[in-house]
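J.:
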Amino acid sequence: MVRYVIRRLLQMILTFFGATFLVYALMFGNQSDPIQALAGERPVSDALRATLTEHYHLGRPFLVQYGYYMRGLLTGDFGETLSGRRISDIMAQSWPLTIELALLAMVFAAVFGTAAGVYAGLRRGGVFDTTTLAVTLLVIALPIIVLAPMAQLLFGVKLGWFPTTAGARPTLYGLILPAMVLGAASLATMLRLTRASVAENLRADYVRTARAKGLARRRVVGIHVLRNSLIPVITLIGVDLGTLMAGAIVTEGVFNIPGVGSKLLLGIQTEDGPLVVGLVSVLVVVFLVVNLIVDLLYAVLDPRIRYV
Amino acid sequence: MQVRRLTAFVALPLVATLGLAACNSDSASQADPNAVVSVQIAEPQHLVPTNSNDASGTQVLGALFSPLVTFDDQSKPVESAAASVSSKDNKTWTVKLKDGYTFHNGEKVTSDSYISAWNYGAYMPNGQGNSYFFSRIAGFADLQSTDPDGPEGPKPAPAPKATAMTGLKKADDLTFTITLSEPFTEFKTVLGYSAFYPLPKAAFSAPGVLDKDFEQAPIGQGPFKMVGRWIHDAKVEVERYDAFPGRKPKVGGVEFRIYLQPSAAYADVLSGNLDVIPQIPTEDLATAPDDLGERFQRSAASQLQMLAFPTYEPQFKNPDVRKAISMAIDRDEMIRSIFKGSQEPARSFVSPVVAGYRENTCGQACEFNPTKAKQLYRSADGPSKIRISYNSDGPHKDWVDATCNELKANLGVQCDAVPEPKFADLLTKAQAKTDIGMFRMGWIMDYPSMENYLGPLYSTSGSSNYYGYSNQQFDTLVQQGAAAPTMDDSIKKYQQAEDILVKDMPVIPLRFGQNNYGYSERVRDVAVDLYSRVDLNTIEVIGNS
Numbered sequence: 001m002v003r004y005v006i007r008r009l010l011q012m013i014l015t016f017f018g019a020t021f022l023v024y025a026l027m028f029g030n031q032s033d034p035i036q037a038l039a040g041e042r043p044v045s046d047a048l049r050a051t052l053t054e055h056y057h058l059g060r061p062f063l064v065q066y067g068y069y070m071r072g073l074l075t076g077d078f079g080e081t082l083s084g085r086r087i088s089d090i091m092a093q094s095w096p097l098t099i100e101l102a103l104l105a106m107v108f109a110a111v112f113g114t115a116a117g118v119y120a121g122l123r124r125g126g127v128f129d130t131t132t133l134a135v136t137l138l139v140i141a142l143p144i145i146v147l148a149p150m151a152q153l154l155f156g157v158k159l160g161w162f163p164t165t166a167g168a169r170p171t172l173y174g175l176i177l178p179a180m181v182l183g184a185a186s187l188a189t190m191l192r193l194t195r196a197s198v199a200e201n202l203r204a205d206y207v208r209t210a211r212a213k214g215l216a217r218r219r220v221v222g223i224h225v226l227r228n229s230l231i232p233v234i235t236l237i238g239v240d241l242g243t244l245m246a247g248a249i250v251t252e253g254v255f256n257i258p259g260v261g262s263k264l265l266l267g268i269q270t271e272d273g274p275l276v277v278g279l280v281s282v283l284v285v286v287f288l289v290v291n292l293i294v295d296l297l298y299a300v301l302d303p304r305i306r307y308v
Numbered sequence: 309m310q311v312r313r314l315t316a317f318v319a320l321p322l323v324a325t326l327g328l329a330a331c332n333s334d335s336a337s338q339a340d341p342n343a344v345v346s347v348q349i350a351e352p353q354h355l356v357p358t359n360s361n362d363a364s365g366t367q368v369l370g371a372l373f374s375p376l377v378t379f380d381d382q383s384k385p386v387e388s389a390a391a392s393v394s395s396k397d398n399k400t401w402t403v404k405l406k407d408g409y410t411f412h413n414g415e416k417v418t419s420d421s422y423i424s425a426w427n428y429g430a431y432m433p434n435g436q437g438n439s440y441f442f443s444r445i446a447g448f449a450d451l452q453s454t455d456p457d458g459p460e461g462p463k464p465a466p467a468p469k470a471t472a473m474t475g476l477k478k479a480d481d482l483t484f485t486i487t488l489s490e491p492f493t494e495f496k497t498v499l500g501y502s503a504f505y506p507l508p509k510a511a512f513s514a515p516g517v518l519d520k521d522f523e524q525a526p527i528g529q530g531p532f533k534m535v536g537r538w539i540h541d542a543k544v545e546v547e548r549y550d551a552f553p554g555r556k557p558k559v560g561g562v563e564f565r566i567y568l569q570p571s572a573a574y575a576d577v578l579s580g581n582l583d584v585i586p587q588i589p590t591e592d593l594a595t596a597p598d599d600l601g602e603r604f605q606r607s608a609a610s611q612l613q614m615l616a617f618p619t620y621e622p623q624f625k626n627p628d629v630r631k632a633i634s635m636a637i638d639r640d641e642m643i644r645s646i647f648k649g650s651q652e653p654a655r656s657f658v659s660p661v662v663a664g665y666r667e668n669t670c671g672q673a674c675e676f677n678p679t680k681a682k683q684l685y686r687s688a689d690g691p692s693k694i695r696i697s698y699n700s701d702g703p704h705k706d707w708v709d710a711t712c713n714e715l716k717a718n719l720g721v722q723c724d725a726v727p728e729p730k731f732a733d734l735l736t737k738a739q740a741k742t743d744i745g746m747f748r749m750g751w752i753m754d755y756p757s758m759e760n761y762l763g764p765l766y767s768t769s770g771s772s773n774y775y776g777y778s779n780q781q782f783d784t785l786v787q788q789g790a791a792a793p794t795m796d797d798s799i800k801k802y803q804q805a806e807d808i809l810v811k812d813m814p815v816i817p818l819r820f821g822q823n824n825y826g827y828s829e830r831v832r833d834v835a836v837d838l839y840s841r842v843d844l845n846t847i848e849v850i851g852n853s
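Protein chains in written order, with my numbering: chain R, 1 to 308; chain S, 309 to 853.
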């Protein structure tokens with residue numbers, strides 16, 4: 001187990017460097033004129049352009065720029081944006097927000113998704129089952145770019161149940177609506193997955209054996225069925241993290257949360273290589289760590305799986 | 309149940325009457341002079357006067373600083389922090405400051421506060437975004453330097469010859485003179501821009517070196533001072549500075565709240581979480597009159613949107629071809645259907661916010677007349693294929709497509725709308741004279757003067773003349789206007805210059821921008837100025853009593 005974890009962690013370091021190189025190269029390839037991108041539609045004077053180009057090593061060959069960046073990165077310096085803000089400050093501010101939002105969304109999706117999924121799976125064909133089937137179909141069909149403003153208009157502006165925007169220092173209450181929107185698609189998928197695997201496992205041999213042994217229904221469902229049904233669901237959580245981050249770009253914009261998603265979008269729009277690379281590198285690490293945890297959880301759920 | 313329903317029936321009209329009564333007393337009720345209003349901004353790029361030129365940054369700086377001159381209803385400059393700005397020859401300008409102005413840290417505002425700030429802004433290695441504003445001042449060139457191996461080469465640029473402009477001279481603590489390298493009649497107008505604010509001694513960590521931390525909590529001499537520091541991506545908070553000797557604002561403070569997207573701010577105005585949104589996003593404009601009623605307002609802004617011709621291309625050389633294309637476009641219909649009335653049709657080459665603007669200078673050439681357009685186009689032998697390039701990072705696809713359709717229908721030509729990913733790409737291609745056909749252009753003024761449109765956009769050496777337009781007579785008139793003895797004389801010259809544009813039609817003026825702003829029920833007397841900034845002197849919070 002320990003050796004397995006160490007091996008995975010070592011792989012992560014390689015992936016980290018590979019990812020920074022790849023993203024840096026992509027950003028470099030996409031770069032046409034970051035100074036103009038920052039200035040918007042205002043003309044940029046030649047003198048200013050020359051000074052900024054010099055200061056940020058723009059226009060130097062790719063490997064030289066990457067070298068400057070990596071030299072900074074290895075000394076713990078993520079660099080600064082074209083408007084002079086330290087990227088480490090931006091990350092320190094945006095990461096906690098996004099983590100909070102993503103965790104809330106995941107908890108929301110996992111708790112409600114599995115609970116409703118189990119219930120629907122146990123009562124297949126019932127009213128609850130058919131309703132959730134229809135509702136989840138709708139949620140999965142609606143892209144988040146439609147869902148988020150709709151939820152904001154309905155629950156925030158019209159009904160006034162939730163704050164319309166969360167802001168940079170959100171209360172937990174302010175984050176509930178954005179988290180629900182962000183987690184909605186995962187919830188729907190999770191519900192359907194849980195329902196299917198519960199329904200299937202109910203007919204499995206070991207469940208029939210358990211019943212024949214005279215175990216209480218609660219124990220049969222709670223221990224035998226649920227535990228085995230959770231394996232695909234846990235896998236989904238790991239994979240879904242990527243979808244969550246993509247959704248965060250939209251959700252953070254609509255609810256005005258200056259988290260990683262919105263900073264990433266800004267970085268791409270202003271062609272700010274160092275900002276995007278910094279955020280994505282950490283994102284890659286988070287993704288890898290979560291998937292390592294998911295892999296370790298398999299062993300907890302299924303005793304047949306063992307890591308050496 | 310029945311009792312409850314009865315109560316409801318009684319209560320409803322009662323509440324309604326009370327509500328109406330409250331509304332009526334609102335207009336007469338006292339304003340709350342200590343309340344804080346919230347105004348939407350985007351994350352400013354900088355909060356240093358000489359480096360800040362985005363709408364959000366200048367909005368915040370406008371609260372913290374007081375300019376030398378402001379503008380009256382006719383866009384003519386009037387002294388504000390200056391007691392007088394005068395010149396006999398339009399070359400040497402004498403600025404007398406009003407006594408009694410102090411910075412928020414208590415330091416007295418003197419001539420040095422201005423001179424050191426401007427020298428800092430002009431010094432090229434400081435990389436200040438507004439440095440070109442100082443380029444008219446004598447000695448500006450000595451603060452610039454050229455890199456021997458170009459900015460992309462490994463060697464750094466050598467330090468410029470001087471750190472101070474020779475044109476700035478202190479006479480006494482409250483008087484200084486500005487000598488320009490060329491006479492410029494409207495220099496007083498230029499001084500109204502935020503690049504010309506003063507800076508306190510505390511802003512500099514060493515002479516000529518700005519404290520890196522200064523923009524996190526700028527110290528100005530304006531009606532408001534900072535509360536705490538600039539909280540990035542969240543807000544900038546300011547409160548009334550009671551020692552300010554000028555016009556006092558009617559609110560206790562302003563919270564500039566930072567939004568990633570204007571649509572989120574609009575939702576917040578609707579639900580009463582935010583007081584003012586200076587520009588309602590286009591996607592919400594259709595519903596805004598219903599959502600906000602009287603609280604949805606419009607005011608003039610300085611933007612000019614146009615279609616430019618690559619005048620160097622043989623097929624666009626003939627001005628009649630350009631005029632015919634202009635006549636084939638129905639500006640009013642486009643504004644109605646695509647922009648929901650949020651912009652104004654443009655039939656002049658300068659914006660209505662500047663002194664000297666005349667309505668409809670373009671005359672027939674900007675009037676929608678498909679039959680005449682087709683005739684003219686045929687007789688001038690216009691190209692059978694037209695291409696219009698635009699940048700797809702802005703909201704331009706819809707109207708460019710519509711324009712193309714109109715040209716197809718009215719001129720019987722083939723027309724393609726070609727997107728370029730970014731505005732920078734469009735400019736690079738235009739500058740390199742790549743064949744991109746016609747292309748869209750926009751302009752926001754720096755200071756309210758006709759010269760700020762005519763000079764950069766249409767003169768031969770203009771900084772944003774990407775269409776190769778060059779007319780000797782026009783250039784001379786603009787130069788003569790800049791050096792004319794009085795402002796009225798300059799305007800006459802500028803107007804003559806504009807008349808040449810009408811004949812030559814290097815671009816098609818299409819639309820003037822407007823501020824489409826909205827506000828919550830909590831505030832009143834909200835105005836947005838020509839720089840698209842909320843006027844913090846007039847805004848009031850309706851009192852509870």
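Backbone N, C-alpha and C define an ideal beta-carbon position, used for all residues, glycine too.
Quick check: is the beta carbon of D33 (chain R) nearer than 8 Å to any beta carbon in chain S?
T.: Yes, D33 (chain R) counts as interfacial toward chain S.
J.: Pairs of beta-carbons, one from the stretch 579 to 590 of chain S and one from the stretch 712 to 726 of chain S, closer than 8 Å: are there three or more?
T.: The stretch 579 to 590 of chain S is not in contact with the stretch 712 to 726 of chain S.
J.: Please report the straight-line C-alpha distance between A168 (chain R) and D743 (chain S), rounded to a whole angstrom.
T.: If I take the Cα positions, the gap works out to 46 Å.
J.: Identify the continuous alpha helix (DSSP H) that holds W707 (chain S) and give its terminal residues.
T.: Its alpha helix (DSSP H) spans residues K705 to L719.
J.: Give the single residue among R:L142, R:E200, R:T171 and R:T53 whose Cα lies nearest to the Cα of V225 (chain R).
T.: Comparing Cα positions, the closest option is R:E200.
J.: Candidates S:E523, S:N626, S:E829 and S:L600: which alpha carbon is nearest G851 (chain S)'s?
T.: Closest option to G851 (chain S), Cα to Cα, is S:E829.
J.: For P352 (chain S), does the count of other Cβ atoms within 10 angstroms reach 16, so buried, or fall short, so exposed?
T.: Looking at its Cβ environment, which holds 16 or more other Cβ atoms inside 10 Å, P352 (chain S) is buried.
J.: Tell me, please, which residues DSSP counts as bridged to Y66 (chain R).
T.: Note: Y66 (chain R) sits in no beta bridge, so no partner.
J.: Tell me, which residues are paired with W751 (chain S) by DSSP?
T.: W751 (chain S) pairs with S:L612.
J.: Taking only beta-carbon atoms, is T860 (chain S) less than 8 Å away from chain R?
T.: A question about residue 860 (chain S) goes unanswered here, because the residues of chain S that appear run from 309 up to 853.
J.: What are the boundary residues of the alpha helix (DSSP H) that includes N228 (chain R)?
T.: It spans L226 to V254 - the alpha helix (DSSP H) in which N228 (chain R) sits, taken as one unbroken run.
J.: Using 8 Å for Cβ pairs, my map puts G160 (chain R) next to A166 (chain R). What's the rounded Cβ distance?
T.: So it is not a contact: roughly 15 Å between Cβ atoms.
J.: Can you give me the Cβ contacts of F373 (chain S) inside the same chain, cut-off strictly under 6 Å, excluding the 5 residues immediately before and after it?
T.: Closer than 6 Å at Cβ, skipping near neighbours: Y505, G528 and G530.
J.: Name, please, each residue of chain S whose Cβ falls closer than 8 Å to the Cβ of Q93 (chain R).
T.: Under the 8 Å cutoff, chain S gives H540 and D541.
J.: Measure the beta-carbon distance from I816 (chain S) to Q611 (chain S) and round it to whole angstroms, keeping in mind my assumption that it falls under 8 Å.
T.: At roughly 15 Å, the Cβ-Cβ gap does not stay under 8 Å, so I816 (chain S) and Q611 (chain S) are not in contact.
J.: Between the Cα of I633 (chain S) and those of S:I643, S:I646, S:S453 and S:L615, spot the shortest distance and give me the residue it belongs to.
T.: Comparing Cα positions, the closest option is S:L615.
J.: By Cβ distance, which residues of its chain are closer than 8 Å to V285 (chain R), with the 5 residues on each side in sequence left out?
T.: Cβ within range, chain order: M12 and F16.
J.: So, helix, strand or coil for W538 (chain S), using DSSP?
T.: Looking at W538 (chain S) - three-state DSSP - the assignment turns out to be coil, as it is neither helix nor strand.
J.: Do you know how far the Cα of A609 (chain S) is from the Cα of D837 (chain S)?
T.: If I take the Cα positions, the gap works out to 7 Å.
J.: Taking only beta-carbon atoms, is G174 (chain R) less than 8 Å away from chain S?
T.: For G174 (chain R), the answer is no, since every Cβ of chain S falls outside 8 Å of its Cβ.
J.: When you check each C-beta in the stretch 139 to 173 of chain R against every C-beta of chain S, which residues fall closer than 8 Å?
T.: From the stretch 139 to 173 of chain R, only P149, Q152, L153, G156, V157, G160, P163, T164, T165, G167, A168 and R169 have a Cβ closer than 8 Å to chain S.
J.: According to DSSP, simplified to helix, strand and coil, what is I850 (chain S)?
T.: DSSP places I850 (chain S) in strand when its eight states are reduced to three.
J.: Let's test the definition: count the other Cβ atoms within 10 Å of the Cβ of I305 (chain R) and tell me whether it reaches 16, buried, or not, exposed.
T.: Exposed is the call here.
J.: Which term fits F62 (chain R), buried or exposed, when burial requires 16 or more other beta carbons within 10 angstroms of its beta carbon?
T.: Exposed, since its Cβ has fewer than 16 Cβ neighbours within 10 Å.
J.: Could you say if the stretch 386 to 397 of chain S and the stretch 445 to 455 of chain S meet the contact criterion of at least three C-beta pairs nearer than 8 Å?
T.: Short answer: they don't touch.
J.: At a Cβ threshold of 8 Å, is Q36 (chain R) touching chain S?
T.: Yes - at least one Cβ of chain S is within 8 Å of the one on Q36 (chain R).
J.: Contact criterion: CB-CB distance below 8 Å. Does L328 (chain S) meet it with respect to chain R?
T.: Unreliable positioning characterises L328 (chain S) in this predicted model, as indicated by a pLDDT of 42, which lies under 50. A coordinate reading is not provided.
J.: Is there at least one Cβ from chain S nearer than 8 Å to P96 (chain R)'s Cβ?
T.: By this cut-off, P96 (chain R) is not an interface position.
J.: Taking I816 (chain S) as part of the beta strand (DSSP E), name the residues at either end of that continuous run.
T.: Looking at the DSSP string, the run of the beta strand (DSSP E) that includes I816 (chain S) is V815 to Y827.
J.: Judging by CA-CA distance, which residue of S:P756, S:D689 and S:A710 is the nearest neighbour of S659 (chain S)?
T.: That would be S:P756, whose Cα lies nearest to the Cα of S659 (chain S).
J.: Three or more C-beta pairs under 8 Å: does that hold for the stretch 729 to 746 of chain S against the stretch 695 to 708 of chain S?
T.: The stretch 729 to 746 of chain S vs the stretch 695 to 708 of chain S: in contact.
J.: For a contact meaning CB atoms closer than 8 Å, what does R42 (chain R) contact in chain S?
T.: In chain order: N361 and I752.
J.: What separation, rounded to the nearest whole angstrom, lies between the Cα atoms of V294 (chain R) and V107 (chain R)?
T.: Looking at the two C-alpha atoms, the distance is approximately 15 Å.
J.: Identify which residue in S:K556, S:Q822, S:D843 and S:Y839 has its Cα closest to the Cα of R832 (chain S).
T.: Ranking S:K556, S:Q822, S:D843 and S:Y839 by Cα distance to R832 (chain S) puts S:D843 first.
J.: At 7 Å on the CB atoms, spell out the chain S contacts of T51 (chain R), in chain order.
T.: Near T51 (chain R) (Cβ distances below 7 Å), the residues of chain S are M432, P433 and G435.
J.: Alpha carbon to alpha carbon, what distance is there between E387 (chain S) and Q605 (chain S)?
T.: Distance between the alpha carbons of Q605 (chain S) and E387 (chain S) is about 28 Å.
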